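Residue numbers (this note's numbering): 35 to 319.
For every residue, glycine included, the Cβ atom is placed at its ideal position computed from N, Cα and C.
Bear in mind the structure is a predicted one, so any value in this text is a computation, not a measurement.
Accompanying notes for the structure given below.
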Ligand SMILES: C[S@@+](CC[C@H](N)C(=O)[O-])C[C@H]1O[C@@H](n2cnc3c(N)ncnc32)[C@H](O)[C@@H]1O
C-alpha cells in the first residue's frame, strides 16, 4: 500500500525534529576526513513546495518550520537547520511567510552536507515521488537512487567500505507491519554494521504505545543509544492524529546530548501549545 505522500506533511513539527537531528549527525560525521555513506531508506521526493500542491492543503508546515523561521536567537542546531531550510526556500531570516521556494526533504539535506568523497543511497517506492527524486538528484554522482524497498535493501549495503555510515530510517508507518519490520531489519543491519550511526523515526499516536515502540528500538542494541521525543499536542485529543514524534539513535554523536537538551525545550515552546513536552533517554556506556 502506497497511499502515504510526504508532501502533505512537509515541514511539519515531525520534519523539524527529524531533519534537525539528521543535520546534527551528518555535521558530526563530516568532522573527520574519512568518507562516509548515508543510506536514506525512505527518501520521499526530495523537495516540496509549501505553497502549492499537497503541502498547501493542510498547511502543516505553518505549525512546524513556518514557526521556526519566524524566530531569532535559536540554539545552534535549530539555527543551522533554519539556515539550511532558508537557503532552499530562498528567504531571508526571520522569514516573511509564506515562502515561495522548496522545503528540503532528507535527500536534499543530505546533498547539502555530503562532501565530494562521501556517498548516499536513497530508496523510495512511490512511483511519483521516485520520479521527482530521480529528476532532482540523478546528476549528482554521489547519489544512488533506487525504487526498491529500503528496509529490505539495507543489509546488503552494510558495512560501507569506509566503515563510516549514517542510516536514516523514516517510514510512513501507514501499515502496521512497519512497526515489526523496522526492528527486524535494524537487527539484521546491526549484525553487519554495529558501529553505524542509525537514526530511526517513529510517530506518537493515541492508538499506539510510544513506550513500547521506543523500548523495542532501544532494546535492539547494547551500545550507546538514545531516544528523543517531542510532543506538540494533547495526547488525549480524542482524534487519531499524531501528537508528536520520536527518534531512536544508535551510536549518537557525543555532542548530541547537550544539543538536544538545549534544542528540545525551545522546539517544544515554539511548536507546541500548553501541552507541549519533550523527553530524552540515554543508554549505554
Ligand atoms: C515519511 S516519508 C519520507 C520523508 C523523507 N525521509 C524526508 O525526511 O524528507 C516516507 C516515504 O517512504 C516511502 N516508502 C514507503 N514504504 C517504503 C519502502 N518499503 N521502501 C522505500 N520507500 C518506502 C513512501 O512512499 C514515502 O515517500
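Note that the region 45 to 59 touches the region 82 to 99; at least 3 beta-carbon pairs, one per stretch, sit closer than 8 Å. For residue 263, the uninterrupted beta strand (DSSP E) run begins and ends at 259 to 265, by DSSP.
In the structure shown, residue 165 adopts helical secondary structure according to DSSP, grouped into three states. Residue environment for residue 317: exposed (fewer than 16 other C-beta atoms within 10 angstroms of its C-beta).
If the five residues before and after residue 149 are omitted, its C-beta is found closer than 8 Å to the C-beta atoms of 64, 69, all from its own chain and listed in chain order. Inclusion of residue 73 and residue 191 in the CB contact set at 8 Å is warranted, their separation being smaller than that value. Looking only at 112, 145, 87, 275, the smallest Cα-Cα distance to residue 290 is reached by 112. For residue 254, the CB contacts under 7 Å within the same chain, skipping 5 residues up- and downstream, are 217, 220, 221, 224 in chain order.
Distances from the CB of residue 250 to the heavy atoms of ligand 1 are all 7 Å or more. Excluding sequence positions up to five before and after residue 118, its CB lies within less than 7 Å of the CB of 57, 138, 143, 146, all in the same chain and listed in chain order. Runs of the beta strand (DSSP E) spanning 3 or more residues and lying entirely within the region 189 to 230 occur at 199 to 203, in chain order. For residue 241, DSSP records no beta bridge to any residue. The Cβ neighbour count for residue 280, taken over all protein chains shown within 10 Å, is at least 16; the residue is labelled buried.
Distance from the CA atom of residue 238 to the CA atom of residue 262, rounded to whole angstroms, is 12 Å.
Per DSSP, residue 45 lies in no beta strand (DSSP E) segment and is marked neither H nor E. Bounds of the beta strand (DSSP E) holding residue 136 are 136 to 138. In the structure shown, residue 121 falls within a helical segment according to DSSP collapsed to helix, strand and coil. For residue 311, the enclosing beta strand (DSSP E) stretches over residues 311 to 317. Shortest Cα-Cα distance from residue 306 to any of 288, 278, 286 involves 278.
The beta carbon of residue 270 sits closer than 6 Å to none of the beta carbons in its chain outside the five residues before and after it. Minimum Cα-Cα distance from residue 228 among the listed residues 257, 245, 213 corresponds to 257. According to DSSP, residue pairing for residue 233 in a beta bridge involves 202, 283. Judged by their CB atoms, residue 136 and residue 82 are nearer to each other than the 8 Å cut-off. Distances from the alpha-carbon of residue 226 to those of 193, 234, 199 put 193 closest.
Taking the Cα of residue 162 as reference, the smallest distance to any Cα among 198, 177, 181, 53 is reached at 181. Per the Cβ contact rule, the region 232 to 249 is in contact with the region 193 to 204 (3 or more Cβ pairs under 8 Å).
For residue 267, the number of other beta carbons within 10 angstroms of its own is at least 16, and it is reported as buried. The beta carbon of residue 196 sits closer than 8 Å to those of 68, 69, 70, 71, all from its chain and outside the five residues before and after it, given in chain order. Within its own chain, the residues whose Cβ lies closer than 7 Å to the Cβ of residue 92, once the five positions on either side in sequence are excluded, are 42, listed in chain order.
The distance from the Cβ of residue 78 to that of residue 40 is about 4 Å, consistent with a contact at the 8 Å cut-off.
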